[in-house]
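Here our numbering is used: the first residue of the sequence shown is 407, the next is one more, and so on. Glycine included, C-beta positions come from ideal geometry on N, C-alpha and C. All values reported here derive from a predicted model rather than from experimental measurement.
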Amino acid sequence: MSLTDWLGPQEWQAVVLSLRVSLVATLVSLPFATAVAWLLARRQFPGHAFLSGIVHLPLILPPVVVGYLLLITFGTQGPVGSLLKPLGIVFAFRWTGAALAAAIMGFPLMVRAIRLGFEAVDPKLEQAAATLGAPRPWIFATVTLPLIIPALLAGATLGFAKAMGEFGATITFVSNIPGQTQTLPSAIYAFLETPGGEGPAMRLVLVSIVVAMGAVVLSEYLARRAASRT
């Protein structure tokens, strides 16, 4: 029996949408998380602690609060959403909004993991490359980046896993519309609220566990390969 035969249409839609949302959220967040992690690890400036607090705020606030803030900011009547709407960019009650919510909730975990990677790199290695006349972008690409690949993979995995499991901010910002915004956690919640929905809910729980474990195992494998090459 294939996965498509085992899962019903609504369940399959939730799985595909969750993978899509999580992948987009992770890929879009990774460059920004890397830049912020480098800034926090390698630079001291006024407002350093404030920036760190802002980055980690989604971990402290209730997810529903984050979802509500996204709704009033990126909703069609919000200050940002009203500017983006004429451009055809809408986040509220769309799958793109689910990706935005997942990216914001997973961002602190990505930054933390990548920041630890930057802090583990000896600055003397970069200084040695600089004394040889290498420009900063080249030093970052050839010296720093290869050394933090395990941290990048760890951060990406944490962000992906958080995106797969995000519920509170997502359901507040984009609701729970089957086939459009209903991700795995939202679908599980909906099935548990429906009489006789325990079976589909359990199948989605098993899928969630398999996907999460697969992401962790793949990350460990890639991190070990990257570390051995480095």
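> How many angstroms separate the CA atom of Gly503 from the CA atom of Thr550?
Replying inline: 33 Å
>> Mapping the DSSP letters down to three states, classify Arg631 as helix, strand or coil.
In response: helix
> Taking only runs of the alpha helix (DSSP H) that begin and end inside the region 411-470, which ones reach a length of at least 4 residues, in chain order?
Replying inline: 415-448, 454-466
>> Check for me: the alpha helix (DSSP H) holding Gln533 runs from which residue to which?
In response: 529-537
>> I'd like the ranges of any alpha helix (DSSP H) spanning at least 4 consecutive residues and lying wholly in the region 506-571.
In response: 529-537, 542-545, 555-571
> What's the gap between the Cα of Val422 and the Cα of Ala534?
Replying inline: 47 Å
> What is the rounded straight-line gap between the Cα of Glu532 and the Cα of Leu425?
Replying inline: 37 Å
>> Closest to Pro591 by C-alpha separation, out of Val486, Pro601, Ala575, would be which residue?
In response: Ala575
> Quick one, which of Thr587, Leu457, Ser428 has its alpha-carbon nearest Gly512's?
Replying inline: Ser428
>> Given this structure, state the Cα-to-Cα distance separating Val461 from Gly539, to the nearest angstrom.
In response: 34 Å
> What are the boundary residues of the alpha helix (DSSP H) that includes Ser592?
Replying inline: 590-598
>> Taking only three categories from DSSP, how would you classify Gly481?
In response: coil
> Residues in its own chain within less than 7 Å of Phe497 by CB, not counting five upstream and five downstream?
Replying inline: Phe480, Gly487, Gly503, Leu506
>> For the alpha helix (DSSP H) containing Phe579, name the first residue and the last one.
In response: 574-580
> Considering only residues of the same chain and omitting the five flanking positions on each side of Val617, which have a CB-CB separation below 7 Å?
Replying inline: Met570
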